[in-house]
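Visitor: Can you keep this structure in mind? I'll have questions shortly.
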Amino acid sequence: MLQPYESDLSVKVADDLITEKSPLSFDHVPGPAILKLWYKYWKYVPLFGTQLFHSVLINRLTEGNLWNRNSTPLQYLFNRYGPIVRLGGPLLNDIVLIHRPEHISKVFDEEGEMPTRSGIDILQHYRLNHRQYRFSGPFCTQGQESLKWLETKKSLRAPIAEQLKNQFRKLDKSCNEFVSRIRQIKNRQDEVPDNFNSELARWGMECFWILMINKQIGFLDSAGYEENSEPTKFIKALMNAQLYLSRCENGFQFWRFMETPSSKKLFDACDVIDGIIRKYIRFAQTSQQHDSALKLENKNYINSTILETMLIKQNMNPNEASTLLMDMVILGVLATTNSLSFLLYYLSKNPRVQRNLHHEIISKTASDLILEKKTFDEMPYLNACMKECLRLRPPFPYLTRLLSKSISLHGYTIPKGTYLIMANQLSSQREENFEDSEKFRPERWMTDNVCHPKNSYLPFGKGLRSCIGEDMAKIEMMLLITKILLEYRIEYDYGDIHSNMLMMNVPSKPLRFRFIERDECRN
Ligand code: HEM
Numbered sequence: 001m002l003q004p005y006e007s008d009l010s011v012k013v014a015d016d017l018i019t020e021k022s023p024l025s026f027d028h029v030p031g032p033a034i035l036k037l038w039y040k041y042w043k044y045v046p047l048f049g050t051q052l053f054h055s056v057l058i059n060r061l062t063e064g065n066l067w068n069r070n071s072t073p074l075q076y077l078f079n080r081y082g083p084i085v086r087l088g089g090p091l092l093n094d095i096v097l098i099h100r101p102e103h104i105s106k107v108f109d110e111e112g113e114m115p116t117r118s119g120i121d122i123l124q125h126y127r128l129n130h131r132q133y134r135f136s137g138p139f140c141t142q143g144q145e146s147l148k149w150l151e152t153k154k155s156l157r158a159p160i161a162e163q164l165k166n167q168f169r170k171l172d173k174s175c176n177e178f179v180s181r182i183r184q185i186k187n188r189q190d191e192v193p194d195n196f197n198s199e200l201a202r203w204g205m206e207c208f209w210i211l212m213i214n215k216q217i218g219f220l221d222s223a224g225y226e227e228n229s230e231p232t233k234f235i236k237a238l239m240n241a242q243l244y245l246s247r248c249e250n251g252f253q254f255w256r257f258m259e260t261p262s263s264k265k266l267f268d269a270c271d272v273i274d275g276i277i278r279k280y281i282r283f284a285q286t287s288q289q290h291d292s293a294l295k296l297e298n299k300n301y302i303n304s305t306i307l308e309t310m311l312i313k314q315n316m317n318p319n320e321a322s323t324l325l326m327d328m329v330i331l332g333v334l335a336t337t338n339s340l341s342f343l344l345y346y347l348s349k350n351p352r353v354q355r356n357l358h359h360e361i362i363s364k365t366a367s368d369l370i371l372e373k374k375t376f377d378e379m380p381y382l383n384a385c386m387k388e389c390l391r392l393r394p395p396f397p398y399l400t401r402l403l404s405k406s407i408s409l410h411g412y413t414i415p416k417g418t419y420l421i422m423a424n425q426l427s428s429q430r431e432e433n434f435e436d437s438e439k440f441r442p443e444r445w446m447t448d449n450v451c452h453p454k455n456s457y458l459p460f461g462k463g464l465r466s467c468i469g470e471d472m473a474k475i476e477m478m479l480l481i482t483k484i485l486l487e488y489r490i491e492y493d494y495g496d497i498h499s500n501m502l503m504m505n506v507p508s509k510p511l512r513f514r515f516i517e518r519d520e521c522r523n
């Protein structure tokens, strides 16, 4: 039975009252009435850790014994209270959890011109307080600042699409280098070492800089692996940043009051990343001065790199550009490489799918056909495999929005200022939205009439604040999978890999894949 929020248990929620015509007040939204600190819950809302801090006490709080071995805490809450759950407290805005596609649609339909999502407070703190910058970064930006970001974002879309086409050959080359690297690092049982995720991060960074500055930096070169090389320093800092970002955000946020070991390590890692990014910003500024006369005269940015576009066309200062690039790296590049890890895992666990995909790849790359960006439009199975992986393991399991106006959801009035957590991973794993939802079945995306409810699958978010790196991520992932499968069959012999939360879904175990040479196997 549903219980109304707060202590007035005498208020009964009659189903027939729940109509859009006469919305019930917010106080009727069900949710845990007796709040109790509960650690397990917290880790399932990591992205939201920020705004939730003052409600650390609230967010892990719930009624009775929440631990249910068969479901995540979030599922428990939905099973217990229904499709709309209110968590709230005396200290902060209320939080409402939703998962139904029609409710998610409604939030996006009404998100307005300045949508706000939950930021990442420790990153904001790093920028605004530690570095004294003025831009808190795209992931954190809110209010008026976000209008400027949205303008920048709009102007970057065309250059990104342009560079994905123009730099395709370089991306292709870096994927070939990665494939060769696998050959160097796998052991006699064809197994790659435990740190394969950081190898993938090197490849992700190489692709990132190709697209931003049209150059290969050498993350996959032998010199780039030397202990004191810039790529090695960058990758170490990146992995540390991911780890300590998550430690600072999830859990009690002592860093708000004083420097903690985790915030220090995070800031040190961010300083290294910032320092290296700034070096490329300085290069771009120099080359900009060099030929800016020509470019400005012709108002022609076609030959500019994305970084130059940020600096020239968007007039971003180095602090702003560095902040944007750092967010893209820490959250975007790692989201891509973690998704790739899961895709490799799913392919290794589903030999039939891997075989079908290999056949498609062979047919498209037969004879001396040169791979091009548009080749992927003709590879439906590859696209389907990627979608299926992002359905089961989207890097960001939640989307969040701060309501800019009151809306009516499921018969309740949800007031302006409420934080909405939209459980998109849960939504794309519910049986009513996807049949056999737990299975990795790319074929579900192959029919003309894909029948899942609108907005039940949103790995890249939606609306004005949706992911700017979607095409980059997709093209890079498809290119690398194609190259890998052309050379190797992938196997994995260990226990199931689930996801851990490190600001995003990351594989719970080392990626000890076996890459077996194609010419040693029959398929
Ligand atoms: C598989 C890879 C990726 C996934 C699944 C992903 C997913 C997401 C999601 C869910 C959001 C929030 C959207 C929303 O709130 O509606 C987001 C935002 C963002 N992503 Fe990605 N992302 C990926 C890769 C990338 C890459 C490669 C980059 C850039 C290099 C990037 C840059 C960004 C930026 C800058 C934002 C903030 C956009 C804004 O606030 O307006 N992402 N991403």
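Sequential numbering of the sequence shown, starting at 1, is according to the UniProt record's numbering. A virtual CB, placed ideally from N, CA and C, is assigned to each residue, including glycine. Note that the structure is predicted; figures quoted are calculated from it, not measured.
In this structure, what does DSSP give as the bridge partners for isoleucine 182?
Guide: Here residue 182 refers to the residue found at position 182 when the sequence shown is read from its first residue. Its beta-bridge partners do not exist; DSSP assigns none.
Visitor: Do you know how far the Cα of glutamate 111 is from the Cα of leucine 97?
Guide: Mapped onto the sequence shown, residue 97 falls at position 97. Mapped onto the sequence shown, residue 111 falls at position 111. Roughly 16 Å separates the two Cα atoms.
Visitor: Judging by CA-CA distance, which residue of Ala241, Pro138, Ile306 and Arg188 is the nearest neighbour of isoleucine 516?
Guide: Residue mapping note: residue 516 aligns to position 516 of the sequence shown, counting from 1. Here the closest residue by C-alpha is Arg188.
Visitor: The ligand GTP and glutamine 75: does the residue's C-beta get closer than 8 Å to at least one heavy atom of that ligand?
Guide: The ligand content of the structure shown is limited to the ligand HEM, which means the ligand GTP is not among them.
Visitor: Please report the residue range of the alpha helix (DSSP H) in which arginine 202 lies.
Guide: By one-based count along the sequence shown, residue 202 stands at place 202. 196 to 213 is the extent of the alpha helix (DSSP H) around arginine 202.
Visitor: Hey, how far is the Cα of proline 115 from the Cα of glutamate 151?
Guide: Reading the sequence shown from its first residue, position 115 is the one you call residue 115. Reading the sequence shown from its first residue, position 151 is the one you call residue 151. Computed Cα separation, rounded: 13 Å.
Visitor: Quick one: Cα of leucine 87 to Cα of lysine 265, how far?
Guide: Counting from 1 along the sequence shown, the entry for residue 87 is found at position 87. Counting from 1 along the sequence shown, the entry for residue 265 is found at position 265. The straight-line gap from Cα to Cα measures roughly 32 Å.
Visitor: Locate the alpha helix (DSSP H) running through leucine 502, then write down its first and last residues.
Guide: If you number the sequence shown from 1, residue 502 lands on position 502. Where leucine 502 is concerned, there is no enclosing alpha helix (DSSP H), given that its DSSP letter is neither H nor E.
Visitor: Which residues bound the alpha helix (DSSP H) around leucine 325?
Guide: The residue labelled residue 325 in the question sits at position 325 within the sequence shown. 318 to 327 is the extent of the alpha helix (DSSP H) around leucine 325.
Visitor: Using only alpha-carbon positions, find the residue among Ala335, Cys248, Ser406 and Arg401 that is nearest to lysine 462.
Guide: For the purposes of this step, residue 462 is identified with residue 462 of the sequence shown, where counting begins at 1. Considering only alpha carbons, the answer is Arg401.
Visitor: Tell me the DSSP secondary structure of arginine 401 in three-state form.
Guide: Here residue 401 is taken as the residue at index 401 of the sequence shown, counted from 1. Three-state DSSP puts arginine 401 in a strand.
Visitor: Between valine 353 and tryptophan 203, what straight-line distance do the alpha-carbon atoms span, to the nearest angstrom?
Guide: Sequence index remark: in the sequence shown, residue 353 carries index 353 (1-based). Sequence index remark: in the sequence shown, residue 203 carries index 203 (1-based). Each residue's Cα considered, the two are about 24 Å apart.
Visitor: Pull up the distance between the alpha-carbon of phenylalanine 168 and that of lysine 439, whole angstroms please.
Guide: For the purposes of this step, residue 168 is taken as residue 168 along the sequence shown, with counting starting at 1. For the purposes of this step, residue 439 is taken as residue 439 along the sequence shown, with counting starting at 1. If I take the Cα positions, the gap works out to 33 Å.
Visitor: Any contact of the stretch 473 to 491 with the stretch 506 to 515, i.e. 3+ C-beta pairs under 8 Å?
Guide: These segments touch.
Visitor: Could you check whether phenylalanine 139 and leucine 123 sit closer than 9 Å to each other, using their CB atoms as the reference points?
Guide: Counting from one through the sequence shown, the residue named residue 123 turns up at place 123. Counting from one through the sequence shown, the residue named residue 139 turns up at place 139. Taking 9 Å as the Cβ cut-off, leucine 123 and phenylalanine 139 qualify as a contacting pair.
Visitor: In terms of residues, what are the limits of the beta strand (DSSP E) holding threonine 72?
Guide: Here residue 72 corresponds to residue number 72 of the sequence shown, with the count starting at 1. Unbroken run through threonine 72: none, as it is neither H nor E.
Visitor: Just checking, does the stretch 219 to 232 make contact with the stretch 357 to 374 on the three C-beta pairs under 8 Å criterion?
Guide: Because the criterion of three Cβ pairs below 8 Å is not met, the stretch 219 to 232 and the stretch 357 to 374 do not touch.
Visitor: If you follow the beta strand (DSSP E) that tyrosine 412 is in, where does it begin and where does it stop?
Guide: Working through the sequence shown from its first residue, we reach residue 412 at position 412. Residues 412 to 414.
Visitor: Can we say the stretch 386 to 397 touches the stretch 325 to 339, given the rule of at least three CB pairs closer than 8 Å?
Guide: They touch, by the three-pair rule.
Visitor: Nearest by alpha-carbon distance to leucine 357: which of Arg441, Arg80, Pro261 and His125 is it?
Guide: Translated into the one-based positions of the sequence shown, residue 357 becomes position 357. Here the closest residue by C-alpha is Arg441.
Visitor: Could you tell me how far apart the beta carbons of isoleucine 160 and threonine 305 are, in whole angstroms, since I believe they sit closer than 8 Å?
Guide: Taking the sequence shown and counting its residues from 1, one reaches residue 160 at position 160. Taking the sequence shown and counting its residues from 1, one reaches residue 305 at position 305. In fact, because the Cβ distance is near 11 Å, the residues do not count as touching under 8 Å.
Visitor: Pull up the distance between the alpha-carbon of phenylalanine 342 and that of glutamate 320, whole angstroms please.
Guide: As a first step, residue 342 is located in the sequence shown; it is residue number 342 there, counting from the start. As a first step, residue 320 is located in the sequence shown; it is residue number 320 there, counting from the start. Phenylalanine 342 and glutamate 320: Cα-Cα distance of roughly 32 Å.
Visitor: Between the beta-carbon of glutamate 388 and the beta-carbon of arginine 430, is there less than 9 Å?
Guide: Stepping through the sequence shown from its first residue, residue 388 is reached at position 388. Stepping through the sequence shown from its first residue, residue 430 is reached at position 430. Taking 9 Å as the Cβ cut-off, glutamate 388 and arginine 430 do not qualify as a contacting pair.
Visitor: Measure the Cβ-Cβ separation of histidine 99 and methionine 504 and say whether it is below 9 Å.
Guide: Sequence index remark: in the sequence shown, residue 99 carries index 99 (1-based). Sequence index remark: in the sequence shown, residue 504 carries index 504 (1-based). No.
Visitor: So is the beta-carbon of isoleucine 361 under 8 Å away from any non-hydrogen atom of the ligand HEM?
Guide: Indexing the sequence shown from 1 puts residue 361 at position 361. No.
Visitor: How many whole angstroms separate the CB atoms of isoleucine 217 and glutamate 199, which I take to be in contact at a CB cut-off of 8 Å?
Guide: Stepping through the sequence shown from its first residue, residue 217 is reached at position 217. Stepping through the sequence shown from its first residue, residue 199 is reached at position 199. Not really, about 15 Å apart at Cβ, beyond 8 Å.
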